[in-house]
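Peer 1: Residue numbers (the working numbering): 859 to 1231.
Encoded as structure tokens, here's the structure I'll be asking about.
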């Protein structure tokens, strides 16, 4: 085993040295070159469909790499929704707000405020259900047609969550509430549906808030009547082998494998299985002078999404392009270029579906249990 470890370390050093040398050879002496490849822009379609939520389709067009400030969003196309091969409706383009994407900025009065981003999307009145076969067809007078089809999965329940706390610590603050630090080992149990090939993704936000006057800002203070805050500074994926099942032994020694939480059921067909997560340097802060009963709801939210094949293939192709050996070699001209997977007829964009199942692990209960001991 020691010899194997030495070999992999040696190969990894050699691999990156060769990449560096080859890159230097290719970029050390160059001149500007415009290949002037003729390409016709086509429609690009993107959507993530979940049961019980409205369908939103982002429609744009492809553009040439050297276009200056290209206008790519398409707002006047004809977009049709089909469900189980039956026409349902013509989708309407509207300006929508993305609550999960925004930025902070000082206004004219010097107040630091949060701005939510807006964008145009095509919306449907129909609310999809698990098992629906959704097809979206778009037509634009200038850029032609695009279509994609996907089947909405059924959610897979999280059966149980087992949480073990380590390294509990208290940071006393004489000017405000105490902060509690900890590390958490978590086992997320679920049962894989038998007789089908299944694909999954695990996700969780790093921060959560509960505040009497909270409107999207993380600038909480004791002027609020109450608040709770949970921060997760680091998540260790290395204890869960399913998250790296797509990585070969060679790639695990020389490429980046961190940050991807998609996986298949190849190893756990029809079985109950615990996903192992490690949340490190977790902090919990609570301000509740009036003993407000609303507190105690903030914790670590864990979502297990049953995803369709197109979702899995797209994320996997992104990893292959950015971190896999094939993508690394292709990016410097020593292999075939790895492109992101697309199930859209124009090969631009991806229409996917996911059925999430979410549980919340309250941190307050864990902290109180530790303080009582």
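Backbone N, C-alpha and C fix where the C-beta goes; we use that ideal spot for every residue, glycine too.
Relative to the alpha-carbon of residue 1007, which residue among 1162, 980, 1197 and 991 has its alpha-carbon at the smallest distance?
Peer 2: Start at 1 with the first residue of the chain shown, and residue 1007 comes out as number 149. Looking at the Cα atoms, 991 is the closest of the given residues.
Peer 1: Round the Cβ separation of residue 901 and residue 1204 to the nearest angstrom and send it over; I've been treating them as touching at under 8 Å.
Peer 2: Position 43 of the chain shown, counted from the start, is the residue given in the question as residue 901. Position 346 of the chain shown, counted from the start, is the residue given in the question as residue 1204. That pair is a contact at about 6 Å.
Peer 1: Cα separation between residue 1171 and residue 1118?
Peer 2: As a working note, residue 1171 is residue 313 in the chain shown. As a working note, residue 1118 is residue 260 in the chain shown. Near 13 Å, if we compare the C-alpha coordinates of residue 1118 and residue 1171.
Peer 1: Mind checking residue 1077: buried by the 16 CB within 10 Å criterion, or exposed?
Peer 2: Position 219 of the chain shown holds residue 1077. Reliability of the predicted coordinates at residue 1077 is poor, the pLDDT of 49 falling under 50, and the value obtained from them is presented with this limitation in mind. With fewer than 16 Cβ atoms within 10 Å of its Cβ, residue 1077 is classed as exposed.
Peer 1: Alpha carbon to alpha carbon, how far is residue 1188 from residue 1225?
Peer 2: Locating residue 1188 in the chain shown gives position 330, where the first residue counts as 1. Locating residue 1225 in the chain shown gives position 367, where the first residue counts as 1. With a pLDDT of only 43 at residue 1188, under the threshold of 50, the placement of this residue in the model should not be trusted, and no figure is reported.
Peer 1: CB-CB under 8 Å to residue 987, same chain, minus the five flanking residues each way: which ones, in chain order?
Peer 2: Here residue 987 corresponds to residue number 129 of the chain shown, with the count starting at 1. Cβ neighbours of residue 987 beyond the five flanking positions: 909, 910 and 1010.
Peer 1: With DSSP collapsed to three states, give me the class of residue 1136.
Peer 2: Residue 1136 sits at position 278 when you count from the first residue of the chain shown. The answer is strand: DSSP assigns residue 1136 an E or B state.
Peer 1: Going by CA-CA distance only, name the one from 941, 1004 and 1014 that's closest to residue 993.
Peer 2: Residue mapping note: residue 993 aligns to position 135 of the chain shown, counting from 1. Ranking 941, 1004 and 1014 by Cα distance to residue 993 puts 941 first.
Peer 1: Quickly, what does DSSP pair residue 1029 with across the bridge? List them, please.
Peer 2: Residue numbering aside, residue 1029 sits at position 171 when the chain shown is read from its first letter. Bridge partners of residue 1029: 1037.
Peer 1: Short of 6 Å in beta carbon distance, which residues of its chain neighbour residue 955, apart from the five on each side in sequence? Order them along the chain.
Peer 2: For the purposes of this step, residue 955 is taken as the residue at position 97 of the chain shown. Cβ within range, chain order: 974 and 976.
Peer 1: In chain order, what residues of the same chain have a beta carbon less than 6 Å from the beta carbon of residue 946, not counting five sequence neighbours either side?
Peer 2: Residue mapping note: residue 946 aligns to position 88 of the chain shown, counting from 1. So the qualifying residues of the chain are 939 and 984.
Peer 1: Ends of the beta strand (DSSP E) at residue 904?
Peer 2: Here residue 904 refers to the residue found at position 46 when the chain shown is read from its first residue. It spans 901–907 - the beta strand (DSSP E) in which residue 904 sits, taken as one unbroken run.
Peer 1: For residue 1060 and residue 926, I'd like the C-alpha separation in whole angstroms.
Peer 2: Taking the chain shown and counting its residues from 1, the one referred to as residue 1060 is at position 202. Taking the chain shown and counting its residues from 1, the one referred to as residue 926 is at position 68. In a straight line, the C-alpha of residue 1060 is about 38 Å away from that of residue 926.
Peer 1: Identify which residue in 1199, 1100, 1062 and 1218 has its Cα closest to the Cα of residue 1092.
Peer 2: On the chain shown, position 234 is the one that residue 1092 refers to. It is 1062.
Peer 1: Going by DSSP, name the residue or residues bridged to residue 991.
Peer 2: The residue labelled residue 991 in the question sits at position 133 within the chain shown. Note: residue 991 sits in a beta bridge opposite 1009.
Peer 1: Which residue from 1098, 1125 and 1016 puts its Cα closest to that of residue 1137?
Peer 2: Within the chain shown, the letter at position 279 stands for residue 1137. For the residues 1098, 1125 and 1016, the minimum Cα distance to residue 1137 belongs to 1098.
Peer 1: Give every residue of the same chain whose Cβ lies closer than 6 Å to the Cβ of residue 928, excluding the five residues on either side of it in the sequence, and list them in chain order.
Peer 2: In the chain shown, counting from the first residue as 1, residue 928 sits at position 70. Once the five neighbours on either side are set aside, the close Cβ partners of residue 928 are 921.
Peer 1: Contact defined as beta carbons within less than 8 Å: I believe residue 1044 pairs with residue 1100. What is the distance between those atoms, to the nearest angstrom?
Peer 2: Within the chain shown, numbered from 1, the residue matching residue 1044 stands at position 186. Within the chain shown, numbered from 1, the residue matching residue 1100 stands at position 242. In fact, because the Cβ distance is near 15 Å, the residues do not count as touching under 8 Å.
Peer 1: Closest by CA to residue 1176, which one among 1156, 1208 and 1162?
Peer 2: In the chain shown, counting from the first residue as 1, residue 1176 sits at position 318. Cα-wise, what sits closest to residue 1176 is 1208.
Peer 1: For the putative contact between residue 1160 and residue 1088, defined by C-beta atoms under 8 Å, what is the C-beta separation to the nearest angstrom?
Peer 2: Counted from its first residue, the chain shown places residue 1160 at position 302. Counted from its first residue, the chain shown places residue 1088 at position 230. Contact flag wrong, Cβ pair sits at about 13 Å.
Peer 1: Out of curiosity, what's the CA-to-CA distance linking residue 1214 and residue 1042?
Peer 2: Residue 1214 sits at position 356 when you count from the first residue of the chain shown. Residue 1042 sits at position 184 when you count from the first residue of the chain shown. Each residue's alpha carbon lies about 23 Å from the other.
Peer 1: Spatial neighbours of residue 1165 within its chain, please: CB distance less than 6 Å, with the 5 preceding and 5 following residues excluded, ordered by chain position.
Peer 2: Along the chain shown, one-based indexing puts residue 1165 at 307. Taken in chain order, the residues that qualify are 1057, 1059 and 1212.
Peer 1: Is the CB-CB distance between residue 1024 and residue 936 below 7 Å?
Peer 2: Counted from its first residue, the chain shown places residue 1024 at position 166. Counted from its first residue, the chain shown places residue 936 at position 78. Not a contact, by the Cβ cut-off of 7 Å.
Peer 1: Pop quiz: residue 1158 and residue 1105 are said to be a contact at Cβ under 8 Å. What is the actual Cβ separation, rounded to whole angstroms?
Peer 2: Taking the chain shown and counting its residues from 1, the one referred to as residue 1158 is at position 300. Taking the chain shown and counting its residues from 1, the one referred to as residue 1105 is at position 247. Going by Cβ atoms, the distance from residue 1158 to residue 1105 rounds to 26 Å, so no, they are not a contact pair.
Peer 1: Quick one: what's got a C-beta closer than 7 Å to residue 1035's C-beta in the same chain, skipping five residues either side?
Peer 2: Taking the first residue of the chain shown as 1, we reach residue 1035 at position 177. These residues qualify, in order along the chain: 1143, 1144 and 1145.
Peer 1: Helix, strand or coil: which one does DSSP assign to residue 1104?
Peer 2: For the purposes of this step, residue 1104 is taken as the residue at position 246 of the chain shown. Residue 1104: coil per DSSP, three-state reduction.
Peer 1: With a cut-off of 8 Å on the beta carbons, I'd call residue 1046 and residue 1090 a contact; round off their distance for me.
Peer 2: Here the question's residue 1046 lines up with position 188 in the chain shown. Here the question's residue 1090 lines up with position 232 in the chain shown. Not quite, the Cβ-Cβ distance comes to about 15 Å (not below 8 Å), so this is no contact.
Peer 1: Let's test the definition: count the other Cβ atoms within 10 Å of the Cβ of residue 1031 and tell me whether it reaches 16, buried, or not, exposed.
Peer 2: Stepping through the chain shown from its first residue, residue 1031 is reached at position 173. The residue in question, residue 1031, is exposed, as its Cβ has fewer than 16 Cβ neighbours within 10 Å.
Peer 1: Assuming residue 932 contacts residue 917 under a Cβ cut-off of 8 Å, what Cβ separation, rounded to an integer in Å, is found between them?
Peer 2: Here the question's residue 932 lines up with position 74 in the chain shown. Here the question's residue 917 lines up with position 59 in the chain shown. About 5 Å; that satisfies the 8 Å criterion.
Peer 1: Per DSSP, which residues does residue 1130 bridge with? Please list them.
Peer 2: In the chain shown, counting from the first residue as 1, residue 1130 sits at position 272. In the DSSP output, where bridge partners are listed per residue, residue 1130 has 1049.
Peer 1: How would you write the range of the alpha helix (DSSP H) that residue 1171 sits in, first residue to last?
Peer 2: As a position in the chain shown, residue 1171 is number 313, starting the count at 1. Element bounds for residue 1171: 1167–1180.
Peer 1: Can you give me the start and stop residues for the alpha helix (DSSP H) that residue 1222 sits inside?
Peer 2: Numbered from its first residue, the chain shown carries residue 1222 at position 364. Element bounds for residue 1222: 1221–1230.
Peer 1: Output needed for residue 1050: all residues of its chain with C-beta closer than 7 Å, excluding positions within five of it in sequence on either side, in chain order.
Peer 2: Residue mapping note: residue 1050 aligns to position 192 of the chain shown, counting from 1. 1056, 1123, 1126, 1127, 1128, 1129 and 1131, listed in sequence order.
Peer 1: Judging by CA-CA distance, which residue of 914, 1014, 1053 and 923 is the nearest neighbour of residue 982?
Peer 2: Stepping through the chain shown from its first residue, residue 982 is reached at position 124. Of the listed residues, the one whose Cα sits closest to residue 982 is 914.
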